[in-house]
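Visitor: One structure follows; several queries about it will come next.
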Amino acid sequence: MADPLNILDITHVTKRFDFQDTKIVALSDASLEIRKGEFVCLIGPSGCGKSTLLRMIGGFETPSEGRLAMWDTPIGAPGPDRGMVFQDYGLFPWLTVSKNVGFGPAARGRPSAEVAETTKRFVDMVGLTRFADAYPHQLSGGMKQRVAIARVLANEAEIVLMDEPFGALDAMTRENLQQELLEIWKRTKLTVIFVTHAIEEAILLADRIVVMSPGPGRIVADERVELPRPRDPTDPDFNALRRHFSGMLGHH
Amino acid sequence: MSARFSRAGTQNIALALCAPVLFLIFWHFSTSGRAFSLIPPPLDVGKQLWDLAFGGVWDDLYSGTLLEHAVASVSRVYGGFLLAAACALPLGMLIGRVALVRAALDPTLQLMRPIPVTAWLPLAMIVFGIGPTSAFFLVFLGAFYPILVNTIFGVRNVEPRLFEAAVMLGVSPSALFWKVVLPASLPSIFTGLRLGLGFAWVVIVVGEMTGVQTGLGAIIMEARQLSRTEIVISGMITIGLLGYISDYLVQLLGKRLLRWSPQHG
Ligand SMILES: Nc1ncnc2c1ncn2[C@@H]1O[C@H](COP(=O)(O)OP(=O)(O)O)[C@@H](O)[C@H]1O
Ligand SMILES: [Mg+2]
C-alpha cells in the first residue's frame, strides 16, 4: 500500500528503447517516492536516464516494466497536472507572451475573464509585465524560460517537471532564475522535479538529491539536503556537500 | 525607427531604379532613329501604352481597351488562384497529416507535377473547348502545385516539441490540428500561396492563348499576328506591373499575419 502522503510513486520502473535492432536500457529498476511540496533534483552524467524518467512522469513515454502513479492513480497521457518545462522552451512562436501563458487555461475552456486574470497574475509573477505583448523570438533565453515556467503555473500544475531548464542560459541569468524559482516554490507549495547535471545547482535548490548513473541508467543514491535556506554556495557545509556528491559521481 | 526606415527605403528605391533606367537608355539608343528596327523604341511603346490605357493617340480598335483586358486577366488570375487554394490547402493538409491519404494520393500527384502547364494546353482545349474556361484551368494548374507542395511541407514539419507542449497544457488530440498544426505551418502555407499567385501570373498569357477574346495574353497574341510589337510590349509591361502589385499586397498581408515569425515579421 502506497503512502497516502506521496504525490508520486515510482516502483521498479524499467524503460527500454529499440534502437537500430538493439535494445537500449535507458532506465533500470528505478523506484522513488515523492511527497507533495518536495523539491527533488535528479543529477547524473549524460545518458543516465534522467530525461527518460522525467518524460515517463510527464506521460510522454510509457514504462517497459513497473508502475508510475500520481496520488496512487497510474500515470497515463500528459496532462495539466504535470507541467513540463523543456530545456528548449517549447513556446508557441505565433503567440505573444500573454497568450502563451494563457494557452493552457484557454485550451481547457476557462471563461475568458478568468483566463485574462490568471495570465496577468503569472506574467507579473515572472517579471515579464513589460513584455506581455512580445513574441517569443523577441525574447532572450532567460525570458523565454520565464514564460515556460509561468505557463505551467498558470495551468495549475501540481508537479512541475524541469529538464535542465537553465542549462542553456548564461551564469547570471541562471542564478537569477534559480532564486526566482525558489521564491515561487516557497509561495506556491508546488512539487518540483528538477533535472540537472550541475552539482551546485542541485545543492542550492533541492530538499532531496537523487543521484543517477549510466550503463544502464539507474538510481544509485537518494539523499536529503539538510542545509538551511537560503543557501550560500560559499558556506563550508555547502562545500562539503559539493565534495560529497562530486566524489559519488566521479566514482560511477 | 521610421526615420531610419524611410532613409534606407529611399536609398533602396534609388538602387532598384538603376537597372531599369540603364536598360531604358540602352533600349532607346539601340532602337530609335533606325528605319528598320524590329523592336520599337521605348517612346513609341510609351505612346502606345498611353493610347491603350486612355485612347486619344491612334484611336483604333485597341485604344482605351487596357482596363477591360486587365480586368479580364486579373479576374482569371485570382479566380484560378482562389480555386487552386481552395483545393490545394485542404488536400495538402490531408496528405501531410493523414498517412492513408498520403499513401493513396501523393505518388500520383508527384508523378503529375513535372508536367509543365504549357503541356496541358492542347488537352485543356479539347476538354474545355476554346475559351476562357481553358485559361482558367491552366491558371488553376499553375497555382495548384506550389500551394500543395508548401502546405504538405508546412504541416509535416511542425516541431514535435510543440505537440508535447500543447498536450501537456491540456489540448485534446482532436484540437491539435487547429491549435498547433495550422498556426505552426502558416509561414510555409503563406510561401506557397505567394508562389502560387506568382505562377498564376506567369501562366496567364499561355492560358489566354487558347482563343479568348479579352485578356492581356489575348491582345499580346493578337498584336503579334498584326506585327504591332508596341502593343506586345505594352501588354508585357502591364502584366509585370500587375503581378508586382499583387505580390506586394500579398506580402503586406503576410507581414500583418506573420508578425510573430522572424522570417516574415
Ligand atoms: N527515444 C529514444 N530512442 C532510443 N534511445 C533513447 C531514446 N531516448 C533516450 N535514449 C537513450 O536512453 C539513454 C538515456 O537517455 P536520457 O534519458 O536522455 O539520459 P539523460 O537525460 O540522463 O542524459 C541514452 O543512452 C539514450 O541514448
Ligand atoms: Mg537529458
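Chains as they are written, first to last, in our numbering: chain V, 1 to 252; chain Y, 253 to 517. No residue lacks a Cβ here, since even glycine has one placed at the ideal position from N, Cα and C.
Have a look at the DSSP bridge pairing and note the partners of Y/C339.
Guide: On the second sequence, position 87 is the one that residue 339 of chain Y refers to. Paired residue(s): none; Y/C339 is not in a bridge.
Visitor: Could you spell out the range, first to last residue, of the alpha helix (DSSP H) harbouring V/G58?
Guide: As a working mapping, residue 58 of chain V is identified with position 58 in the first sequence. From DSSP, the alpha helix (DSSP H) with V/G58 extends over 50 to 58.
Visitor: Just to confirm the assignment, what range does the alpha helix (DSSP H) spanning Y/A351 have?
Guide: As a first step, residue 351 of chain Y is located in the second sequence; it is residue number 99 there, counting from the start. First-last of the alpha helix (DSSP H) with Y/A351: 351 to 364.
Visitor: Counting C-beta neighbours from all protein chains within 10 Å, is the total for V/K23 16 or more, i.e. buried, or is it exposed?
Guide: The sequence position of residue 23 of chain V within the first sequence is 23, counting from 1. By the neighbour-count rule (16 or more Cβ atoms within 10 Å), V/K23 is not buried but exposed.
Visitor: Determine the chain Y residues that contact V/G58 at a beta-carbon separation under 7 Å, and present them in chain order.
Guide: As a working note, residue 58 of chain V is residue 58 in the first sequence. Those are M420, listed as they occur along chain Y.
Visitor: Quick one: is V/R187 near chain Y, going by C-beta distance under 9 Å?
Guide: Locating residue 187 of chain V in the first sequence gives position 187, counting from the first residue. So no, V/R187 is outside the interface.
Visitor: Tell me the rounded alpha-carbon separation between Y/M253 and Y/R446.
Guide: As a position in the second sequence, residue 253 of chain Y is number 1, starting the count at 1. As a position in the second sequence, residue 446 of chain Y is number 194, starting the count at 1. The predicted position of Y/M253 is uncertain, since its pLDDT is 46 and thus under 50; a value taken from the coordinates is nonetheless stated next. Cα to Cα, the separation comes out at about 28 Å.
Visitor: Strictly below 8 Å CB to CB, what residues from chain V border Y/V273?
Guide: In the second sequence, residue 273 of chain Y corresponds to position 21, counting from 1. In chain order: nothing, as chain V lies at least about 38 Å away.
Visitor: Could you list which residues in chain V have their beta carbon closer than 7 Å to that of Y/V423, in chain order?
Guide: Locating residue 423 of chain Y in the second sequence gives position 171, where the first residue counts as 1. Going along chain V in sequence order, the residues near Y/V423 (Cβ under 7 Å) are A107.
Visitor: Within the continuous alpha helix (DSSP H) that includes Y/M488, where are the two ends?
Guide: Sequence index remark: in the second sequence, residue 488 of chain Y carries index 236 (1-based). Here the alpha helix (DSSP H) through Y/M488 covers 481 to 509.
Visitor: Which chain V residues sit within Cβ distance under 8 Å of Y/L438?
Guide: Numbered from 1 along the second sequence, position 186 holds the residue referred to as residue 438 of chain Y. Correct list: W94.
Visitor: Quick check: the Cα distance between V/G83 and Y/G459, rounded to an integer number of angstroms?
Guide: Translated into the one-based positions of the first sequence, residue 83 of chain V becomes position 83. Translated into the one-based positions of the second sequence, residue 459 of chain Y becomes position 207. About 56 Å.
Visitor: Ordered along the chain, which non-local residues of its own chain (more than five positions away) have a Cβ less than 7 Å from that of Y/S258?
Guide: As a working mapping, residue 258 of chain Y is identified with position 6 in the second sequence. So the list is empty, once near-sequence residues are dropped.
Visitor: How many whole angstroms separate the CB atoms of V/G104 and V/A154, which I take to be in contact at a CB cut-off of 8 Å?
Guide: As a position in the first sequence, residue 104 of chain V is number 104, starting the count at 1. As a position in the first sequence, residue 154 of chain V is number 154, starting the count at 1. Contact flag correct, Cβ pair sits at about 6 Å.
Visitor: Does the distance from the C-beta atom of V/M248 to that of V/V210 stay below 9 Å?
Guide: Against the first sequence, residue 248 of chain V aligns to sequence position 248. Against the first sequence, residue 210 of chain V aligns to sequence position 210. The answer is no: Cβ separation not under 9 Å.
Visitor: According to DSSP, which residues form a beta bridge with V/T196?
Guide: Counting from 1 along the first sequence, the entry for residue 196 of chain V is found at position 196. Beta-bridge pairing links V/T196 to V/I43.
Visitor: Examine chain V for any beta-carbon lying closer than 9 Å to the beta-carbon of Y/W512, and answer yes or no.
Guide: As a first step, residue 512 of chain Y is located in the second sequence; it is residue number 260 there, counting from the start. Y/W512 counts as touching chain V.
Visitor: Any chance the CB of V/M84 is under 8 Å from a heavy atom of ligand 1?
Guide: On the first sequence, residue 84 of chain V is found 84 positions in, with the first residue counted as 1. V/M84: no, Cβ never under 8 Å from ligand 1.
Visitor: Near V/F92, which residues of its chain fall below 6 Å by C-beta distance, leaving aside the five closest residues on each side in sequence?
Guide: On the first sequence, position 92 is the one that residue 92 of chain V refers to. So the list reads N100, once near-sequence residues are dropped.
Visitor: Leaving out the 5 sequence neighbours to the left and right, which residues in its chain are closer than 7 Å to Y/G332 when beta-carbon positions are compared?
Guide: One-based indexing of the second sequence puts residue 332 of chain Y at position 80. Within the same chain, Y/G332 has close Cβ partners F388, V391, F392, A395, A452.
Visitor: May I ask you to verify whether the segment 10 to 27 of chain V touches the segment 42 to 60 of chain V, counting CB pairs closer than 8 Å and requiring at least 3?
Guide: The answer is yes - the segment 42 to 60 of chain V touches the segment 10 to 27 of chain V, with three or more Cβ pairs under 8 Å.
Visitor: Is the segment 294 to 306 of chain Y touching the segment 277 to 284 of chain Y, taking contact as three or more C-beta pairs under 8 Å?
Guide: Yes, since at least three Cβ pairs between the segment 294 to 306 of chain Y and the segment 277 to 284 of chain Y fall closer than 8 Å, the two stretches touch.
Visitor: Run down chain V in chain order and give the residues with a C-beta less than 8 Å from the C-beta of Y/R413.
Guide: Translated into the one-based positions of the second sequence, residue 413 of chain Y becomes position 161. What Y/R413 touches in chain V: F86, D88, G90.
Visitor: Touch check for the segment 484 to 499 of chain Y and the segment 402 to 422 of chain Y: three-plus C-beta pairs under 8 Å?
Guide: Result no; under three Cβ-Cβ pairs closer than 8 Å.
Visitor: Round the Cβ separation of V/F86 and V/L205 to the nearest angstrom and send it over; I've been treating them as touching at under 8 Å.
Guide: On the first sequence, position 86 is the one that residue 86 of chain V refers to. On the first sequence, position 205 is the one that residue 205 of chain V refers to. Their Cβ separation, rounded to whole angstroms, is 18 Å, which puts V/F86 and V/L205 out of contact at 8 Å.
Visitor: Buried or exposed, going by whether 16 or more other CB atoms sit within 10 Å of the CB of Y/L311?
Guide: To locate residue 311 of chain Y, count along the second sequence from 1; it is residue 59. Going by the sequence as given, residue 311 of chain Y is Asp instead of Leu. Exposed.
Visitor: State whether the segment 55 to 65 of chain V contacts the segment 224 to 237 of chain V, with contact taken as three or more CB pairs (one from each stretch) at a distance under 8 Å.
Guide: Short answer: they don't touch.
Visitor: Nearest by alpha-carbon distance to Y/P435: which of Y/W302, Y/T360, Y/R408 is it?
Guide: In the second sequence, counting from the first residue as 1, residue 435 of chain Y sits at position 183. For Y/P435, the nearest C-alpha among the options comes from Y/R408.
Visitor: Hey, is V/V195 close to ligand 2, as in C-beta under 8 Å from one of its heavy atoms?
Guide: The residue you call residue 195 of chain V lines up with position 195 of the first sequence. Yes; taking the cut-off as 8 Å, the Cβ of V/V195 has a heavy atom of ligand 2 nearer than that.
Visitor: On the CB-based measure, 16 or more other CB atoms within 10 Å of its CB, does V/H137 come out buried or exposed?
Guide: In the first sequence, the residue the question calls residue 137 of chain V occupies position 137. Exposed: under 16 other Cβ atoms inside 10 Å.
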